[in-house]
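Heads up, the thing below is written out as structure tokens.
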Amino acid sequence: MQRQSDHQAAHGAAINADGSSIAIAALSWISADGEMISRFCALTGIEPGQMRQAASEPGFLAGVLEFLLAHEPTLMRFCDDNGIEPATVQRAHAELAGGAVPGPGDFV
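Numbered according to the UniProt record's numbering, the sequence shown spans residues 1 to 108.
Take a look at the structure:
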């Protein structure tokens with residue numbers, strides 16, 4: 001049996017597979033880590049107080065996933081903590097960014 005991470009135990013083990021749900025889970029995960037949220041704010045230029053409002057915009061949510069995808073160690077930590085595959089994050093990003101959504105065989 002796979003061990004749940006502390007984040008999974010605190011926030012629920014399952015993430016819905018739609019792009020918005022994955023991005024919101026990623027934003028929550030980023031926000032829970034002081035160093036991570038500082039890096040996110042520095043790279044995006046957003047202030048912590050602006051995040052709740054910005055999260056209602058699909059472009060912002062795509063940017064959250066771009067933040068993960070741009071740094072493999074961060075992406076892998078998020079995926080490990082949430083029990084999802086990196087390809088799922090890639091598909092969620094494509095969905096939110098309005099691009100073609102890759103299929104499961106596209107990441108071989």
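Every residue, glycine too, gets a C-beta built ideally from N, C-alpha and C.
- According to the DSSP assignment, E47 belongs to no alpha helix (DSSP H), since it is labelled neither H nor E.
- Taking C-beta atoms as the reference points, A92 and G19 count as a pair closer than 7 Å.
- Contact check for A17 and L96: beta-carbon distance about 13 Å, past the 8 Å limit, so the pair fails to qualify.
- One thing to note: V64 has its Cβ within 7 Å of the Cβ of A26.
- With 16 or more other Cβ atoms inside 10 Å of its own Cβ, L61 counts as buried.
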